[in-house]
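Asks: My structure is below; once you've seen it, I'll send some questions.
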Amino acid sequence: MLLHPKTPNTGAPGSQFAVSERRKIAVVPGDGIGQEVVPEAMRAVRATGAAVEFTEFDWSADRYLRDGTTVPPDGFAMLARDFNAVLVGAFGDARVPSNIHAKEILLGMRFQMDLYANVRPVKLLDSSLCPLKAAKPEDVNFTIIRENTEGLYCDVGGVVKQGTPDEVAVQEDVNTRKGVERVIRYAFDYARRNSRQRVLMTDKSNVMTYAHGLWQRVFKEVGAEYADIEKQHMFVDALCLQMVRDPRPLQVIVTNNMFGDIITDLGAALQGGLGMAASGNIHPGRTSMFEPVHGSAPTIAGKNLANPIGAIATAAMMLAHLGLTREAEKINAAILEAVRQRKVTQDVGGTLGTRECGEWITELVARN
Ligand code: NAD
Ligand code: IPM
Ligand code: MN
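Here the sequence shown stands for residues 1 to 368, numbered as in my numbering.
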């Protein structure tokens with residue numbers, strides 16, 4: 001079955017479930033606007049009538065400042081054992097300048113639960129949302145698959161002679177054959193599952209000859225197994241230009257952790273901003289984690305200003321991943337209608353607050 005393009009087929013473990021089986025979802029709203037947008041996502045999910053059971057966890061800056069806990073002992077094992085998916089808001093709080101809680105909770109989930117494919121769709125819902133001149137929804141419809149467990153995010157490095165004129169700071173870019181191969185393979189499988197014809201690998205192999213030389217070799221080797229999919233390559237600087245000048249040829253992009261982080265914010269801008277962008281952190285067959293692309297947005301937090309659509313679309317992605325595609329499509333249809341009727345927040349040209357936008361979408365979901 002062909003899914004709604006905003007409801008990507010992420011390699012759903014859906015078939016593992018009996019039709020009416022209750023899905024257990026762990027919810028971690030986190031900090032700032034995470035605490036405002038996640039309740040809206042939960043409301044929309046409930047309105048679909050999906051058989052889901054939410055369990056909330058207070059892992060956040062507040063909890064860390066209260067008792068020093070980021071993730072309780074055995075927390076990641078508990079998530080993997082007791083839940084079918086995890087729905088996350090955002091982390092980041094000025095009261096924790098080291099950002100240690102965000103690192104331990106968010107990067108902890110990605111690394112400890114080995115969620116190696118970060119799937120971030122870039123799908124324009126309405127021309128009015130796109131900063132590109134005359135771009136139509138069909139012109140901006142691609143997915144970025146970001147490696148999520150390696151690269152510059154491994155926290156390998158060090159500083160010597162700190163605070164002296166001879167200070168040296170080193171941050172290592174870790175790329176393993178296994179890690180690169182599995183995410184590239186995921187991208188090709190994703191293309192097949194979602195009826196896309198092309199996969200583009202982006203790197204900086206003209207400069208990062210060792211690390212990205214590995215990406216080049218693996219992309220060629222793995223790509224040879226997918227005769228039906230066209231293979232393309234671009235350097236990441238040129239890809240940024242392409243994304244803005246003409247995103248039409250882009251379908252599936254695969255890249256390393258850091259480049260993926262950067263180009264997915266650019267991708268968010270093409271969809272109307274960070275408030276619109278959804279993502280999934282996937283290890284096929286294991287408990288996976290779903291979070292909007294945006295952060296905790298401290299300057300608008302607590303003001304009922306945050307756009308809940310990124311989080312609501314993220315919840316739809318999660319439902320589709322769990323095999324609840326009809327429910328996911330109900331949510332995506334309601335989001336599309338909210339955008340068309342401008343029943344949205346200020347960042348995307350509306351006048352509604354976070355709760356009012358969430359409520360409007362929820363009511364439409366419940367009616368359909
Ligand atoms: P951010 O995504 O929080 O905000 C960037 C800009 O986008 C701000 O102008 C913000 O107001 C706007 N924005 C973001 N989400 C929005 C929404 N839903 N509706 C309307 N506007 C929205 O990124 P930042 O400002 O670079 O970082 C703030 C904090 O969040 C930092 O502590 C950072 O480390 C953290 N962060 C966390 C995540 C995550 O948890 N996944 C992602 C990015 C940043
Ligand atoms: C993202 C964020 C995170 C990242 C931060 C908050 C660690 O920017 O999810 O895009 O860099 O991956
Ligand atoms: Mn980011």
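Think of the CB as a built atom: it goes at the ideal place given N, C-alpha and C, for glycine as much as any other residue. Treat the numbers as computed from the prediction; the structure is a model and nothing was measured.
Using DSSP with H/G/I as helix, E/B as strand and the rest coil, what is M113?
Replies: Locating residue 113 in the sequence shown gives position 113, where the first residue counts as 1. M113: coil per DSSP, three-state reduction.
Asks: Ends of the alpha helix (DSSP H) at L266?
Replies: In the sequence shown, counting from the first residue as 1, residue 266 sits at position 266. Taken as a continuous stretch (DSSP letters only), the alpha helix (DSSP H) holding L266 covers N257 to Q271.
Asks: Evaluate contact between the region 316-323 and the region 345-357, counting only Cβ atoms and requiring at least three cross-stretch pairs below 8 Å.
Replies: No, because fewer than three Cβ pairs between the region 316-323 and the region 345-357 fall closer than 8 Å, the two stretches do not touch.
Asks: Taking only beta-carbon atoms, is A135 less than 7 Å away from chain D?
Replies: Here there is only one protein chain, and chain D is not present.
Asks: Does the separation of the CB atoms of I144 and A191 fall below 7 Å?
Replies: Taking the sequence shown and counting its residues from 1, one reaches residue 144 at position 144. Taking the sequence shown and counting its residues from 1, one reaches residue 191 at position 191. In this structure, A191 does not lie closer than 7 Å to I144 by Cβ.
Asks: What are the complete alpha helix (DSSP H) segments, minimum 4 residues, inside the region 167-229?
Replies: Segments of the alpha helix (DSSP H) lying fully in the region 167-229: 177-193 and 211-223.
Asks: Tell me the DSSP bridge mates of K231?
Replies: Locating residue 231 in the sequence shown gives position 231, counting from the first residue. According to DSSP, K231 bridges with V199.
Asks: Taking 6 Å as the limit between beta carbons, can you name the residues of its chain near N368, skipping five residues before and five after?
Replies: For the purposes of this step, residue 368 is identified with residue 368 of the sequence shown, where counting begins at 1. The residues are K330.
Asks: Using CA atoms only, rank isn't needed, just tell me which of A41, A61, D62 and D166 is closest to V52.
Replies: Indexing the sequence shown from 1 puts residue 52 at position 52. Checking every option, the nearest Cα to that of V52 belongs to A41.
Asks: According to DSSP, is I331 helix, strand or coil?
Replies: Counted from its first residue, the sequence shown places residue 331 at position 331. The answer is helix: DSSP assigns I331 an H, G or I state.
Asks: Exposed or buried, which one is R196 when buried takes at least 16 other CB atoms within 10 Å?
Replies: Taking the first residue of the sequence shown as 1, we reach residue 196 at position 196. Buried, because 16 or more other Cβ atoms sit within 10 Å of the Cβ of R196.
Asks: Where does the unbroken beta strand (DSSP E) through L87 begin, and where does it stop?
Replies: In the sequence shown, counting from the first residue as 1, residue 87 sits at position 87. Taken as a continuous stretch (DSSP letters only), the beta strand (DSSP E) holding L87 covers A85 to A90.
Asks: Is it right to say P73 is buried, meaning 16 or more other beta carbons lie within 10 angstroms of its own, or is it exposed?
Replies: Walking along the sequence shown from the start, residue 73 turns up at place 73. P73 comes out exposed.
Asks: Which residue comes first and which comes last in the alpha helix (DSSP H) that contains F17?
Replies: Your numbering for residue 17 matches position 17 in the sequence shown. Element bounds for F17: n/a, residue is neither H nor E.
Asks: Can you have a look at L270 and say buried or exposed, based on whether 16 or more other CB atoms are within 10 angstroms of its CB?
Replies: Taking the first residue of the sequence shown as 1, we reach residue 270 at position 270. It counts as buried.
Asks: Of the residues V28, F142 and I312, which one's Cα is nearest the Cα of I253?
Replies: Residue numbering aside, residue 253 sits at position 253 when the sequence shown is read from its first letter. That would be F142, whose Cα lies nearest to the Cα of I253.
Asks: Considering only the alpha carbon of each residue, which of T314, L65, A94 and G223 lies closest to N9?
Replies: Residue mapping note: residue 9 aligns to position 9 of the sequence shown, counting from 1. Among T314, L65, A94 and G223, the Cα nearest to that of N9 is on T314.
Asks: Roughly how many whole angstroms lie between the Cα atoms of L3 and R326?
Replies: Taking the sequence shown and counting its residues from 1, one reaches residue 3 at position 3. Taking the sequence shown and counting its residues from 1, one reaches residue 326 at position 326. Because L3 sits at a pLDDT of 47, beneath the cut-off of 50, its placement in the model cannot be relied upon, and the following sentence gives the value as read from the coordinates. Approximately 9 Å between the Cα atoms of the pair.
Asks: Any heavy atom of the ligand IPM closer than 6 Å to the beta-carbon of D166?
Replies: Counted from its first residue, the sequence shown places residue 166 at position 166. D166 Cβ: outside cutoff for every heavy atom of the ligand IPM.
Asks: At a threshold of 6 Å, does D31 count as lining the ligand GDP (C-beta to nearest heavy atom)?
Replies: In terms of ligand content, the structure shown lacks the ligand GDP and carries the ligand NAD, the ligand IPM and the ligand MN instead.
Asks: Considering just the uninterrupted stretch of the beta strand (DSSP E) at V45, what are its terminal residues?
Replies: As a working note, residue 45 is residue 45 in the sequence shown. Looking at the DSSP string, V45 is not in any beta strand (DSSP E); the run it does join, the alpha helix (DSSP H), is G34 to A47.
Asks: Can we count D114 as close to the ligand IPM, meaning its CB is less than 6 Å from some heavy atom?
Replies: Mapped onto the sequence shown, residue 114 falls at position 114. D114: no, Cβ never under 6 Å from the ligand IPM.
Asks: When the Cβ atoms of the region 193-212 are set against those of the region 233-248, are three or more pairs found closer than 8 Å?
Replies: As far as the Cβ criterion goes, the region 193-212 touches the region 233-248, which means the pair count is three or higher.
Asks: Compute the Euclidean distance between the alpha carbons of R276 and E21, then round it to the nearest angstrom.
Replies: Taking the first residue of the sequence shown as position 1, residue 276 is located at position 276. Taking the first residue of the sequence shown as position 1, residue 21 is located at position 21. Here residue 276 is Met; the residue named in the question, Arg, does not match the sequence. Using only the alpha carbons, I get a separation of about 30 Å.
Asks: Please return the same chain residues whose Cβ sits closer than 8 Å to the Cβ of M208, not counting the five positions on each side in sequence.
Replies: Here residue 208 is taken as the residue at index 208 of the sequence shown, counted from 1. So the qualifying residues of the chain are D173.
Asks: Quick one: does the C-beta of S279 sit closer than 6 Å to a heavy atom of the ligand NAD?
Replies: Taking the first residue of the sequence shown as 1, we reach residue 279 at position 279. No - the ligand NAD has no heavy atom lying nearer than 6 Å to the Cβ of S279.
Asks: Less than 7 Å between the C-beta atoms of H283 and Y116, yes or no?
Replies: Along the sequence shown, one-based indexing puts residue 283 at 283. Along the sequence shown, one-based indexing puts residue 116 at 116. For H283 and Y116, yes; Cβs fall inside 7 Å.
Asks: Residue range of the alpha helix (DSSP H) that T362 falls in?
Replies: Within the sequence shown, numbered from 1, the residue matching residue 362 stands at position 362. It spans T354 to R367 - the alpha helix (DSSP H) in which T362 sits, taken as one unbroken run.
Asks: Evaluate G358 with the Cβ neighbour count: other Cβ atoms within 10 Å of its Cβ, from every protein chain shown; 16 or more gives buried, anything less gives exposed.
Replies: Taking the first residue of the sequence shown as 1, we reach residue 358 at position 358. With 16 or more other Cβ atoms within 10 Å, it is buried.
Asks: Which whole-angstrom value describes the C-beta separation of M289 and M113, a residue pair presumed to lie in contact below a C-beta threshold of 8 Å?
Replies: Mapped onto the sequence shown, residue 289 falls at position 289. Mapped onto the sequence shown, residue 113 falls at position 113. With 8 Å as the limit, M289 and M113 qualify as a contact, their Cβ atoms being about 7 Å apart.
Asks: Taking the beta carbon of A211 as the centre, do at least 16 other beta carbons fall within 10 Å, making it buried, or is it exposed?
Replies: What you label residue 211 is simply residue 211 of the sequence shown in a count that begins at 1. Buried.
Asks: Helix, strand or coil: which one does DSSP assign to P137?
Replies: Translated into positions along the sequence shown, residue 137 becomes position 137. Of the three classes helix, strand and coil, the one that applies to P137 here is helix, per DSSP.
Asks: Measuring only the C-alpha atoms, how far is A297 from A94?
Replies: Start at 1 with the first residue of the sequence shown, and residue 297 comes out as number 297. Start at 1 with the first residue of the sequence shown, and residue 94 comes out as number 94. One C-alpha to the other measures close to 11 Å.
Asks: Looking only at its chain, what residues have a beta carbon closer than 7 Å to the beta carbon of E181, apart from the 5 residues adjacent to it on each side?
Replies: Position 181 of the sequence shown, counted from the start, is the residue given in the question as residue 181. Closer than 7 Å at Cβ, skipping near neighbours: V218 and V222.
Asks: Give a single yes or no on whether D155 has its beta carbon closer than 6 Å to a heavy atom of the ligand IPM.
Replies: Position 155 of the sequence shown, counted from the start, is the residue given in the question as residue 155. No, the ligand IPM has no heavy atom inside 6 Å of this Cβ.
Asks: Are the beta-carbon atoms of A44 and T362 separated by less than 7 Å?
Replies: The count along the sequence shown starts at 1 and reaches residue 44 at position 44. The count along the sequence shown starts at 1 and reaches residue 362 at position 362. Cβ distance < 7 Å, so A44 and T362 count as in contact.
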